[in-house]
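K.L.:
Chains as they are written, first to last, in our numbering: chain Y, 629 to 1071; chain C, 49 to 287.
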Amino acid sequence: MNELLRKSTRYFKTYEEREEAFRNSVFSLIPRKYSGPKLFWKDFGLISVQALSKYMKHPAAYITSNPRDCLAFGNPWQVLTAAVLKAQKADNGFSHDVLDIAKEFDIQENLYQPIRTLSGGETVKVSLAKSFIASKYSCRLTIASPFSWLSYDNSVFLEKLFRHYGGLNIPIEVFALEGEDSDGQIVRNDNCQKETDRRAIGFTLYLKGVRILLGTPLNPLYSQQTFARADDFESELFSPCLIVGKNGQGKSLIGKVLARATPFQGVAKLRCKHKSGPTRLLFQDVITQTLSRSFDAIAASSNCENEAKPSQVYEKILKEYLVCLGDTGQKASGNALKDDLRPRSLLEIKAMLVAVRLCRVPSALILDEPDWGLTRMSSIAFVSAVIRVSHDLETPVILISHKPWWFPIAKSVIYVKRSSKEIDSENRSSFQIYLRCNKPKSL
Amino acid sequence: MSWKPRFLFLLVTSVPAFTGYPVNLSHVEVIAGVTYAWALYFLIANTCILMVMGKQFYTNAAAISAMITMPVVFVGSTVSYLIFLSGLGYELGQSAYSSHYVSLCISMLTVIPLAVSIVGVLPFQSFEQNLLRNQNGVSKLEKFFLMFLRVFNHILYFVIPSILEIIREEGQYRRSAGSSLTSAPELSLHGKVKRTKQKLIRLIRDMIQLGVEGICASIQYIPIWAVEISQLPDKSRKI
């Protein structure tokens, strides 16, 4: 990453601090949703005419921590056209063509595709292209956690955007979590890794004839449909298993298929010895996964009767987490946290969501982009803690990530790559997802 | 067939459903609560939807209608029955309210597919596209419409699918937990009542949580989108 990016980036210790700083930079126009509905309604009530007028006086080009949320229109052409119209309003001489800009950001083939069917990588490029045009009518550029959604292959587009703003002397603010931009792998023989190396839990991944309808379950109401097909795949793997690939290759989609979170046709099975329970998934967007439930409501969402209580598994994860961080203080005590009514941190919510999933011993636990919303140190400790607790329960763990951090701890790696889109005679577009597995490490 | 004639056809077909004319004029009943006019109209409306929108669309619209109608009708009639049993109302017995729910069922199974079809036939994507095609800017009314489309599409394509994904993921577990519970030894009557009560509380709690999440997720980005859309140049302005 270039010098300008380094200089413009402010690092934060927690997701909450980072989100708060980003919110302030957009004049609190985005209410906080991560701390439950109470705070959300308070924030929403405070978005007054004053906040809107403040923003209008000092407009900023911005990219939210989920880039899709800052795209206020139905497809990339509309997003870029709206930006061009605004740029022309600010500068009559502005004459960029939407197609030219789309080509610069490699989204020319997706211009008329509904945003709901764009992959993560394409959405990122659309938001970068929009911000590129927004330089004409914005007095600064503000970005939330770009390294959590940007794969290293797409960083060239972010650098292009930074060079552009730098050339125009427009201030840039980047709000990142500590270590988020690190491209280094986890150092082997780290305190956290000794345990994860201890044993390997084998499982089989089997996909046959998998076909997924993208967009929304209400898609059949509309004529334009997009399908994804997964290549047939069968392999013996070992936990922790890592599913890697660039932005938008279909990693999360595979995770959702395995956890039955998305409807699909065909067979997708994850077989593990002595395990018959469903495969559980921790989504990347854990805030939505909480469904605005309080911490206690999440804990109560599991009705384990004969198994471990979620609070016990949660305490175990936190204890392991603190051991990995090298902290043996009293913070690990679950009892100290039990009756605490403060808003829970994202880490605690993630730990509880995992605990609820592990208490019934699933056939496997999938963590989609587990580093999302955590600092590098924190995410390494969290993942290591989850692996240890899961392995104690003989449950395999699958990590989905575009970051190279996790290679050293992975005992199996699946590479995910997708084909380009094809449109059939009925105006339905489809693409194929290919999975390739490396040889498991010697155990 | 383009969307305009289909929209017009469905609009004309839906006139009796939304105005009650002329179907409410007839009072000759096939069964208690269902008149010949409503029975005929139900058949005509559903056949029209099938013809205009196709089989795939119709089956989805019918499924949506059934999912909405059944809980309303069955829960409603159960509550009415409980009111009758408790002696708080319906002194004439079940006949005092039964026909109302049969009538409600047939009207819902007619109105909902029609409403879903009218929404389904409108090409919202093209509306958005056309509104931005004009290089002279966007009028105030068009900005309102763009904002409506943004929120509508966000709910339809992001809020609902995300919530459904989470429900599905959690549903897997609940089904698995449920199957192990059914294989558990027979429960006493007290145990069964306790479990049913727990299930009911959980259902109510889940419905409230889903409602809260749906509302929060739907409106979270409205302020920032409002800014985006309001920044578009006004139509009156010459570029």
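Ideal placement from N, C-alpha and C gives every residue a C-beta, glycine not left out. Computed from a prediction, not measured in an experiment: that's the story for all the values here.
(1) Taking only three categories from DSSP, how would you classify residue 1065 (chain Y)?
(2) Could you give the uninterrupted runs of the alpha helix (DSSP H) lying entirely in the segment 904 to 928 of chain Y, keeping only those of 4 residues or more?
(3) List the DSSP bridge partners of residue 1044 (chain Y).
(4) Exposed or buried, what is residue 697 (chain Y) when buried is set at 16 or more other beta-carbons lying within 10 Å of its beta-carbon?
(5) Should residue 239 (chain C) be flagged as near chain Y, meaning a C-beta pair shorter than 8 Å?
(6) Residue 707 (chain Y) to residue 750 (chain Y), Cα distance in whole Å?
(7) Who are the near neighbours of residue 288 (chain C) in its chain, counting only those whose CB is closer than 6 Å to its CB and skipping five residues on each side?
(8) Should residue 204 (chain C) be listed as close to the ligand MN, given that the test is whether its C-beta is under 7 Å from any heavy atom?
(9) So, residue 97 (chain C) versus residue 161 (chain C), is the Cβ gap smaller than 8 Å?
(10) DSSP three-state label for residue 268 (chain C), please.
(11) Taking the CB atoms as reference points, tell me whether residue 927 (chain Y) and residue 1005 (chain Y) lie closer together than 8 Å.
(12) Throw me the rounded Cβ distance for the residue 988 (chain Y) and residue 905 (chain Y) pair, which I believe falls under 8 Å.
(13) Would DSSP call residue 944 (chain Y) helix, strand or coil?
(14) In chain Y, what lies closer than 8 Å to residue 190 (chain C) by C-beta?
(15) What's the call for residue 763 (chain Y), buried or exposed, on a 16-neighbour Cβ count within 10 Å?
(16) For residue 704 (chain Y), which of Y:977, Y:712, Y:1025 and Y:743 has the nearest alpha-carbon?
(17) Identify whether residue 978 (chain Y) lies in helix, strand or coil by the three-state DSSP scheme.
(18) Roughly how far, in whole angstroms, is the beta-carbon of residue 872 (chain Y) from the beta-carbon of residue 662 (chain Y), given that I think they are within contact range, below 8 Å?
(19) Are the beta-carbon atoms of residue 1078 (chain Y) and residue 760 (chain Y) separated by less than 8 Å?
(20) Sorted by chain position, which residues of the same chain lie with C-beta nearer than 7 Å to residue 775 (chain Y)'s C-beta, five sequence neighbours on each side aside?
(21) Using a cut-off of 9 Å between C-beta atoms, extract the partners of residue 680 (chain Y) located in chain C.
(22) One question on the structure: do residue 653 (chain Y) and residue 801 (chain Y) come within less than 8 Å of each other, judged by their Cβ atoms?
(23) Buried or exposed for residue 881 (chain Y), going by 16 or more other Cβ atoms inside 10 Å?
(24) For chain C, check one thing: does any of its Cβ atoms lie closer than 8 Å to the Cβ of residue 883 (chain Y)?
(25) Where DSSP assigns a beta bridge to residue 282 (chain C), which residues make up the other side?
(26) By the criterion of Cβ-Cβ separation under 7 Å, what are the contact partners of residue 258 (chain C) in chain Y?
(27) Can you pull the chain C residues whose beta carbon is under 7 Å from the beta carbon of residue 683 (chain Y), in chain order?
(28) Do residue 1026 (chain Y) and residue 900 (chain Y) have their beta-carbon atoms positioned less than 8 Å apart in this structure?
(29) Please check if any C-beta of chain Y sits within less than 8 Å of the C-beta of residue 180 (chain C).
(30) Can you find a C-beta in chain C that's less than 8 Å from the C-beta of residue 701 (chain Y)?
(31) Quick check on residue 869 (chain Y): does DSSP put it in helix, strand or coil?
(32) To the nearest angstrom, report how far apart residue 276 (chain C) and residue 940 (chain Y) are at their CA atoms.
(33) Measuring straight from C-alpha to C-alpha, what distance separates residue 119 (chain C) and residue 149 (chain C)?
(34) Based on the DSSP secondary-structure assignment, which residues constitute the bridge partners of residue 1057 (chain Y)?
(35) What span of residues does the beta strand (DSSP E) with residue 828 (chain Y) cover, start to end?
P.N.:
By the coordinates alone:
(1) The sequence position of residue 1065 (chain Y) within the first sequence is 437, counting from 1. Reduced to three states, the DSSP call for residue 1065 (chain Y) is strand.
(2) You should have 914 to 917 and 923 to 928.
(3) As a first step, residue 1044 (chain Y) must be located in the first sequence, where it is residue number 416. Listed as beta-bridge partners of residue 1044 (chain Y) by DSSP are Y:1063.
(4) Stepping through the first sequence from its first residue, residue 697 (chain Y) is reached at position 69. Classified as buried, residue 697 (chain Y) has 16 or more neighbouring CB atoms from the shown chains inside 10 Å of its CB.
(5) Working through the second sequence from its first residue, we reach residue 239 (chain C) at position 191. No, residue 239 (chain C) does not count as interfacial toward chain Y.
(6) Looking up residue 707 (chain Y) in the first sequence gives position 79. Looking up residue 750 (chain Y) in the first sequence gives position 122. C-alpha separation (whole angstroms): 13 Å.
(7) There is no way to answer for residue 288 (chain C), as the model of chain C reaches only from 49 to 287.
(8) The ligand content of the structure shown is nil, which means the ligand MN is not present either.
(9) Looking up residue 97 (chain C) in the second sequence gives position 49. Looking up residue 161 (chain C) in the second sequence gives position 113. In contact: residue 97 (chain C) and residue 161 (chain C) (Cβ atoms closer than 8 Å).
(10) Locating residue 268 (chain C) in the second sequence gives position 220, where the first residue counts as 1. In the displayed model, residue 268 (chain C) falls within coil according to three-state DSSP, outside both helix and strand.
(11) Position 299 of the first sequence, counted from the first residue, corresponds to residue 927 (chain Y). Position 377 of the first sequence, counted from the first residue, corresponds to residue 1005 (chain Y). In this structure, residue 927 (chain Y) lies away from residue 1005 (chain Y), with their beta-carbon atoms at least 8 Å apart.
(12) The residue given as residue 988 (chain Y) occupies position 360 in the first sequence. The residue given as residue 905 (chain Y) occupies position 277 in the first sequence. Confirmed, about 6 Å.
(13) By 1-based counting over the first sequence, the position of residue 944 (chain Y) is 316. In the three-state reduction of the DSSP assignment, residue 944 (chain Y) falls in the helix class, which pools H, G and I.
(14) On the second sequence, residue 190 (chain C) is found 142 positions in, with the first residue counted as 1. Those within 8 Å of residue 190 (chain C) in chain Y number zero; the least Cβ separation is about 12 Å.
(15) Counting from one through the first sequence, the residue named residue 763 (chain Y) turns up at place 135. Its Cβ being crowded by 16 or more others within 10 Å, residue 763 (chain Y) is buried.
(16) Translated into positions along the first sequence, residue 704 (chain Y) becomes position 76. Of Y:977, Y:712, Y:1025 and Y:743, the residue nearest in Cα terms is Y:743.
(17) Taking the first sequence and counting its residues from 1, the one referred to as residue 978 (chain Y) is at position 350. DSSP places residue 978 (chain Y) in helix when its eight states are reduced to three.
(18) Position 244 of the first sequence, counted from the start, is the residue given in the question as residue 872 (chain Y). Position 34 of the first sequence, counted from the start, is the residue given in the question as residue 662 (chain Y). Residue 662 (chain Y) and residue 872 (chain Y) do not touch by the CB rule: their CB atoms are close to 27 Å apart, not below 8 Å.
(19) Not covered by the structure: residue 1078 (chain Y). The range shown for chain Y is 629 to 1071.
(20) Walking along the first sequence from the start, residue 775 (chain Y) turns up at place 147. Excluding residues up to 5 positions away in sequence, 804, 808 and 809 lie with their Cβ nearer than 7 Å to the Cβ of residue 775 (chain Y) in the same chain.
(21) Here residue 680 (chain Y) refers to the residue found at position 52 when the first sequence is read from its first residue. Simply 271, 274, 275 and 278.
(22) Taking the first residue of the first sequence as position 1, residue 653 (chain Y) is located at position 25. Taking the first residue of the first sequence as position 1, residue 801 (chain Y) is located at position 173. At a Cβ-Cβ threshold of 8 Å, residue 653 (chain Y) and residue 801 (chain Y) count as neighbours.
(23) Counting from 1 along the first sequence, the entry for residue 881 (chain Y) is found at position 253. So residue 881 (chain Y) counts as buried.
(24) Here residue 883 (chain Y) refers to the residue found at position 255 when the first sequence is read from its first residue. No, residue 883 (chain Y) lies away from the interface with chain C (no Cβ there is under 8 Å from its Cβ).
(25) Counting from one through the second sequence, the residue named residue 282 (chain C) turns up at place 234. BP columns for residue 282 (chain C) point to C:186.
(26) In the second sequence, residue 258 (chain C) corresponds to position 210, counting from 1. By Cβ distance, chain Y contributes 919.
(27) Here the question's residue 683 (chain Y) lines up with position 55 in the first sequence. Listed along chain C, the residues sitting closer than 7 Å to residue 683 (chain Y) by beta-carbon distance are 275.
(28) By one-based count along the first sequence, residue 900 (chain Y) stands at place 272. By one-based count along the first sequence, residue 1026 (chain Y) stands at place 398. In this structure, the beta-carbon distance from residue 900 (chain Y) to residue 1026 (chain Y) does not fall below 8 Å.
(29) Residue numbering aside, residue 180 (chain C) sits at position 132 when the second sequence is read from its first letter. With 8 Å as the cut-off, residue 180 (chain C) counts as an interface residue toward chain Y.
(30) Reading the first sequence from its first residue, position 73 is the one you call residue 701 (chain Y). It does: the Cβ of residue 701 (chain Y) has a partner Cβ on chain C nearer than 8 Å.
(31) The sequence position of residue 869 (chain Y) within the first sequence is 241, counting from 1. Here residue 869 (chain Y) sits in strand by DSSP.
(32) Position 228 of the second sequence, counted from the start, is the residue given in the question as residue 276 (chain C). Position 312 of the first sequence, counted from the start, is the residue given in the question as residue 940 (chain Y). Near 47 Å, if we compare the C-alpha coordinates of residue 940 (chain Y) and residue 276 (chain C).
(33) Here residue 119 (chain C) refers to the residue found at position 71 when the second sequence is read from its first residue. Here residue 149 (chain C) refers to the residue found at position 101 when the second sequence is read from its first residue. C-alpha separation (whole angstroms): 11 Å.
(34) By 1-based counting over the first sequence, the position of residue 1057 (chain Y) is 429. Beta-bridge pairing links residue 1057 (chain Y) to Y:854 and Y:1051.
(35) On the first sequence, residue 828 (chain Y) is found 200 positions in, with the first residue counted as 1. From DSSP, residue 828 (chain Y) is part of no beta strand (DSSP E); its letter is neither H nor E.
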